[in-house]
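> Okay, handing you the structure first.
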Amino acid sequence: GVSTDTGRFLYANTTAHTFDVAGDCAHYGADVFEWNRKIFDTNSLAKLKLQAWVVEHLQFLCEGRIVMCALPTTVEEELGVDEDDLNNLSGFLRSIEGVCVAALLRNAGEDNTKVSVRSIPGYNAASICEIFGGGGHAGAAGCSIRKPLAEATAELEAALIKWENS
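Residue numbers (our numbering): 1 to 166.
As structure tokens, then:
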């Protein structure tokens, strides 16, 4: 948890106390290398195919500061991805050079779309999701838009552009 919650000690929530806790874990026998390898450096082939699909279908907004991608259920099924493969896909989008805010949209039912937003310090993911009744914190937030994926994508795009320009 210490490693994942801090993004391997990269996120702004990393403090001296975080390193103390990590040091205690190693001191008491945690196999730090093996845990990090399993969690961060091992990917299923399906996940890699999903990332490739996302790169091919992403959309940049606001001169590249915002990126978004709508992921249809049919693509998830076609690629054979599971929930683990989908984990942190919005963070993957945020890792693109120049991106400050990343949004991933997924089907969550016939007329419901789940949105996951990630941002870098200085941008507030929660303020975006609050527009649609969601929440979270500055770096990571989520919401649902009670519309089919295509309609939700258009609505989120318009909201992101308005939010960035306000």
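We treat Cβ as the ideally placed atom computed from N, Cα and C, and that holds for glycine.
Is it buried or exposed, N165, if we count other Cβ atoms within 10 angstroms and call 16 or more buried?
On the sequence shown, position 165 is the one that residue 165 refers to. Exposed, by the Cβ-count rule.
> Between which two residues does the alpha helix (DSSP H) carrying T18 extend?
The count along the sequence shown starts at 1 and reaches residue 18 at position 18. Start and end: A16 to H27.
> Keeping to the same chain, check which residues put their C-beta closer than 8 Å to that of T18; ignore five residues upstream and five downstream.
In the sequence shown, the residue the question calls residue 18 occupies position 18. If we look at T18 and ignore the five residues flanking it on each side, its Cβ neighbours are V2, T6 and F9.
> On the criterion of 16 or more Cβ atoms from any shown chain inside 10 Å, does D24 qualify as buried, or is it exposed?
The residue you call residue 24 lines up with position 24 of the sequence shown. D24 comes out exposed.
> Let's test the definition: count the other Cβ atoms within 10 Å of the Cβ of G142 and tell me whether it reaches 16, buried, or not, exposed.
In the sequence shown, the residue the question calls residue 142 occupies position 142. It is buried - the Cβ of G142 has at least 16 other Cβ atoms within 10 Å.
> Measuring straight from C-alpha to C-alpha, what distance separates E97 and L61?
Walking along the sequence shown from the start, residue 97 turns up at place 97. Walking along the sequence shown from the start, residue 61 turns up at place 61. Going from the Cα of E97 to the Cα of L61 covers about 14 Å.
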